[in-house]
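Structure record follows, encoded as structure tokens.
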Amino acid sequence: MARTEYYDDPAAPEPNSMVVAASAVVTDDEGRVLLQRRRDNDLWALPGGGMEMTDSLPGTAVREVKEETGLDVEITGLVGTYTDPRHVIAYSDGEVRRQFNVCFTARVVCGVAASGWRFGTEARRRAPPHGEDGAHTRGKL
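Note that our numbering has the sequence shown beginning at 28, numbered continuously upward.
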């Protein structure tokens, strides 16, 4: 399913849903940050995604990292919350959403990522100017 992101764009479609999401800044012992290239828009992003009815927010981040990277992680802290009404994500199935994202820090407890580890400076170069949820990130990777 294709994904188009709009930020502060008067031509953006009106949202028809609000999604609670969680993401994780996963780092390794070398100070690298785990990023993934999204399949739906080909952008680099932190692993993360939508919360399910049976999830907690930290549990969402742990589950999404596992689903998207194969890594088992434990949450080590909170980066912050991100939401911005000027950011809209439109999917090819007709869903047009706003997201409320809670971003955590995490460390790997089991598994090895095949790729996607970037040093902090490279992660900042590769990461879009906003987080996976589209809100502008003001913190440091």
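Cβ atoms here follow ideal geometry from the backbone N, Cα and C, with glycine treated the same way.
Three Cβ pairs or more, each shorter than 8 Å: is that satisfied between the stretch 45 to 52 and the stretch 121 to 132?
By the Cβ rule, the stretch 45 to 52 counts as touching the stretch 121 to 132, because three or more pairs are nearer than 8 Å.
With 16 other Cβ atoms within 10 Å as the buried cut-off, status of Ala29
If you number the sequence shown from 1, residue 29 lands on position 2. Result: exposed.
How would you label Thr81, buried or exposed, when you count the other beta carbons within 10 angstroms and need 16 or more for buried?
Here the question's residue 81 lines up with position 54 in the sequence shown. Burial state of Thr81 is exposed, judged by a 10 Å Cβ sphere holding fewer than 16 other Cβ atoms.
Helix, strand or coil: which one does DSSP assign to Arg59?
On the sequence shown, position 32 is the one that residue 59 refers to. Taken through DSSP and simplified to helix, strand or coil, Arg59 comes out as strand.
Measuring CB atoms only, is the stretch 84 to 99 touching the stretch 107 to 119, in the sense that at least three cross pairs come out at less than 8 Å?
Contact between the stretch 84 to 99 and the stretch 107 to 119 is absent: fewer than 3 CB-CB pairs across the two stretches fall below 8 Å.
Span of the beta strand (DSSP E) around Gly107
By one-based count along the sequence shown, residue 107 stands at place 80. Segment 99 to 109, the beta strand (DSSP E) holding Gly107.
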